[in-house]
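A.B. asks: Quick one: the structure is below, questions incoming.
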């Protein structure tokens, strides 16, 4: 996970908006990535990015510099995503999602970067039946590639809870992939 | 799944999103400044509270005094008549004495009337 310069954070705490713009530019990609993978909706994800940075600005005075800034931002974003998932049920997969998912799954290029709409289709196809916590743990661990320690800080779950949620999420996704004819890979 | 790990989708319209976030923050700050400008100083708030309490106490006092006065007025006639019929100075008076006292009072009242008339007459010149 990319880290933010502590000096910039100190300037933000002092109310420097140009410093905060730098923070937004540096961190909006990771917040958007998490929100898109959690919510499977581009506009909802952009809304969460905006809400996250508003909360970051409002609460930056209470940010403890002993902890990683980006982890703190991830924590705010993940809570906002869980709130949205509680309020609005995620949209299930459509025919278009199935087609896009097949395109991504059949592509053998290991360097290929997925577009936002492809991510939406992949998440709708794979994570449609996951609970909010399972979705969050799966996204942070398997899609964002974070370490268990970071996931513990972000979610507030202990190692066993993370393990059990991840196990349940993987099991569900594996079963879905088998149903779709993708074998055990 | 391994292929997807760590991939970060591009933010569509990243600059516009940054601008909208900064505009929202500007809006928040101007909103809070507006709130601050509307903030009433502590001493005015205290003054308002004290004057409100004083007003309530005054009204309560007026009501209390009014009711006490009503009580006094309602109890006055009995005392007044007691004084006339049986004044303290004349507890052992005979009916003849009371008659004399009344006659003296009438006489004095008449004298006061005469004096008053003389006074009014002197003002005419």
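Residue numbers (my numbering), protein chains in the order written: chain A, 718 to 902; chain B, 7 to 131. All C-beta atoms, glycine included, are put in the ideal place defined by N, C-alpha and C. Since the model is a prediction, treat every value here as computed from it, not as a measurement.
I'd like to know whether the C-beta of residue 810 of chain A is nearer than 8 Å to at least one C-beta of chain B.
C.D. replies: If you number the first chain from 1, residue 810 of chain A lands on position 93. Residue 810 of chain A does not count as touching chain B.
A.B. asks: Considering only C-alpha positions, which residue in the set A/812, A/774, A/890 is nearest to residue 732 of chain A?
C.D. replies: Within the first chain, residue 732 of chain A is the residue found at index 15, counting from 1. Of A/812, A/774, A/890, the residue nearest in Cα terms is A/774.
A.B. asks: Which value, in whole angstroms, describes the spacing of the CA atoms of residue 883 of chain A and residue 722 of chain A?
C.D. replies: Indexing the first chain from 1 puts residue 883 of chain A at position 166. Indexing the first chain from 1 puts residue 722 of chain A at position 5. If you take the alpha carbons of residue 883 of chain A and residue 722 of chain A, they lie about 32 Å apart.
A.B. asks: Under the three-state reduction of DSSP, which class applies to residue 117 of chain B: helix, strand or coil?
C.D. replies: Indexing the second chain from 1 puts residue 117 of chain B at position 111. Correct three-state label for residue 117 of chain B: helix.
A.B. asks: Going along chain A, which residues have a C-beta under 9 Å from residue 26 of chain B?
C.D. replies: If you number the second chain from 1, residue 26 of chain B lands on position 20. By Cβ distance, chain A contributes 763, 767.
A.B. asks: Is the Cβ-Cβ distance between residue 853 of chain A and residue 755 of chain A less than 8 Å?
C.D. replies: Here residue 853 of chain A refers to the residue found at position 136 of the first chain. Here residue 755 of chain A refers to the residue found at position 38 of the first chain. It is a contact, given that the beta carbons lie within the stated cut-off.
A.B. asks: Below 8 Å, how does it come out for the segment 830-840 of chain A and the segment 11-24 of chain B: are there three or more Cβ pairs, yes or no?
C.D. replies: Output reads yes: the segment 11-24 of chain B touches the segment 830-840 of chain A.
A.B. asks: For residue 824 of chain A, which of helix, strand or coil comes out of DSSP?
C.D. replies: One-based indexing of the first chain puts residue 824 of chain A at position 107. Here residue 824 of chain A sits in coil by DSSP.
A.B. asks: For residue 785 of chain A, tell me which candidate among A/726, A/874, A/887 has the shortest Cα-Cα distance.
C.D. replies: Indexing the first chain from 1 puts residue 785 of chain A at position 68. It is A/726.
A.B. asks: Which residues mark the beginning and the end of the alpha helix (DSSP H) in which residue 755 of chain A is found?
C.D. replies: Residue 755 of chain A sits at position 38 when you count from the first residue of the first chain. Residue 755 of chain A -> alpha helix (DSSP H) spans 734-756.
A.B. asks: With distances taken between CB atoms, is the gap from residue 751 of chain A to residue 811 of chain A smaller than 8 Å?
C.D. replies: Locating residue 751 of chain A in the first chain gives position 34, counting from the first residue. Locating residue 811 of chain A in the first chain gives position 94, counting from the first residue. Not a contact, by the Cβ cut-off of 8 Å.
A.B. asks: Within the chosen definition, does the segment 741-749 of chain A reach the segment 764-778 of chain A through at least 3 CB pairs nearer than 8 Å?
C.D. replies: Yes: at least three Cβ pairs fall under 8 Å.
A.B. asks: Near residue 886 of chain A, which residues of its chain fall below 6 Å by C-beta distance, leaving aside the five closest residues on each side in sequence?
C.D. replies: Stepping through the first chain from its first residue, residue 886 of chain A is reached at position 169. Excluding positions up to five away in sequence, the list reads 847, 851, 855.
A.B. asks: For a test of the three-state rule: what should DSSP assign to residue 47 of chain B, helix, strand or coil?
C.D. replies: Along the second chain, read from residue 1 onward, the residue named residue 47 of chain B stands at position 41. Looking at residue 47 of chain B - three-state DSSP - the assignment turns out to be coil, as it is neither helix nor strand.
A.B. asks: Within 8 Å of any Cβ in chain B, is that where the Cβ of residue 859 of chain A sits?
C.D. replies: Walking along the first chain from the start, residue 859 of chain A turns up at place 142. At least one chain B Cβ lies under 8 Å of residue 859 of chain A.
A.B. asks: What is the rounded straight-line gap between the Cα of residue 889 of chain A and the Cα of residue 797 of chain A?
C.D. replies: By 1-based counting over the first chain, the position of residue 889 of chain A is 172. By 1-based counting over the first chain, the position of residue 797 of chain A is 80. Those two C-alpha atoms are separated by around 24 Å.
A.B. asks: State yes or no: is the beta carbon of residue 789 of chain A nearer than 8 Å to at least one beta carbon in chain B?
C.D. replies: Counted from its first residue, the first chain places residue 789 of chain A at position 72. Answer no: the Cβ-Cβ gap between residue 789 of chain A and chain B never drops below 8 Å.
A.B. asks: How is residue 729 of chain A classed by DSSP in three states: helix, strand or coil?
C.D. replies: In the first chain, counting from the first residue as 1, residue 729 of chain A sits at position 12. DSSP places residue 729 of chain A in helix when its eight states are reduced to three.
A.B. asks: Any idea what DSSP makes of residue 99 of chain B, helix, strand or coil?
C.D. replies: Start at 1 with the first residue of the second chain, and residue 99 of chain B comes out as number 93. Residue 99 of chain B: coil per DSSP, three-state reduction.
A.B. asks: Measure the beta-carbon distance from residue 841 of chain A to residue 757 of chain A and round it to whole angstroms, keeping in mind my assumption that it falls under 8 Å.
C.D. replies: Taking the first chain and counting its residues from 1, the one referred to as residue 841 of chain A is at position 124. Taking the first chain and counting its residues from 1, the one referred to as residue 757 of chain A is at position 40. About 5 Å separates the two Cβ atoms, so the contact holds.
A.B. asks: Quick check on the burial criterion: 16 or more other C-beta atoms within 10 angstroms. Buried or exposed for residue 776 of chain A?
C.D. replies: Your numbering for residue 776 of chain A matches position 59 in the first chain. Residue 776 of chain A should be labelled exposed.
A.B. asks: Is residue 898 of chain A helix, strand or coil by DSSP?
C.D. replies: On the first chain, residue 898 of chain A is found 181 positions in, with the first residue counted as 1. Here residue 898 of chain A sits in coil by DSSP.
A.B. asks: Scan the segment 839-869 of chain A for residues whose Cβ lies nearer than 8 Å to a Cβ of chain B and list them as they occur along the chain.
C.D. replies: The segment 839-869 of chain A vs chain B, Cβ under 8 Å: 839, 859, 860, 861, 862.
A.B. asks: Strictly below 8 Å CB to CB, what residues from chain B border residue 832 of chain A?
C.D. replies: To locate residue 832 of chain A, count along the first chain from 1; it is residue 115. Chain B residues near residue 832 of chain A: 15, 16.
A.B. asks: Taking a cut of 8 Å between CB atoms, which residues from the segment 733-751 of chain A lie near chain B?
C.D. replies: Listed by position, the residues of the segment 733-751 of chain A near chain B (Cβ gap below 8 Å) are 734, 737, 738, 741, 742, 745, 746, 747, 749, 750.
A.B. asks: What number of angstroms, rounded off, separates the C-alpha of residue 28 of chain B from the C-alpha of residue 892 of chain A?
C.D. replies: Within the second chain, residue 28 of chain B is the residue found at index 22, counting from 1. Within the first chain, residue 892 of chain A is the residue found at index 175, counting from 1. Cα-Cα distance, rounded: 44 Å.
A.B. asks: Kindly indicate which residue of A/730, A/849, A/868 has the alpha-carbon position closest to the one of residue 805 of chain A.
C.D. replies: Taking the first residue of the first chain as position 1, residue 805 of chain A is located at position 88. Cα-wise, what sits closest to residue 805 of chain A is A/849.
A.B. asks: Please classify residue 19 of chain B as buried or exposed, where buried requires at least 16 other C-beta atoms within 10 Å of its C-beta.
C.D. replies: For the purposes of this step, residue 19 of chain B is identified with residue 13 of the second chain, where counting begins at 1. With fewer than 16 other Cβ atoms within 10 Å, it is exposed.
A.B. asks: For residue 54 of chain B and chain A, any beta-carbon pair shorter than 8 Å?
C.D. replies: As a first step, residue 54 of chain B must be located in the second chain, where it is residue number 48. It does not: the Cβ of residue 54 of chain B has no partner Cβ on chain A nearer than 8 Å.
A.B. asks: Please tell me whether residue 793 of chain A has its Cβ less than 8 Å away from any Cβ of chain B.
C.D. replies: In the first chain, the residue the question calls residue 793 of chain A occupies position 76. By this cut-off, residue 793 of chain A is not an interface position.
A.B. asks: Tell me, please, whether the CB atom of residue 60 of chain B is closer than 8 Å to any CB atom in chain A?
C.D. replies: For this step, residue 60 of chain B is matched to residue 54 along the second chain. Output row for residue 60 of chain B: interface = no.
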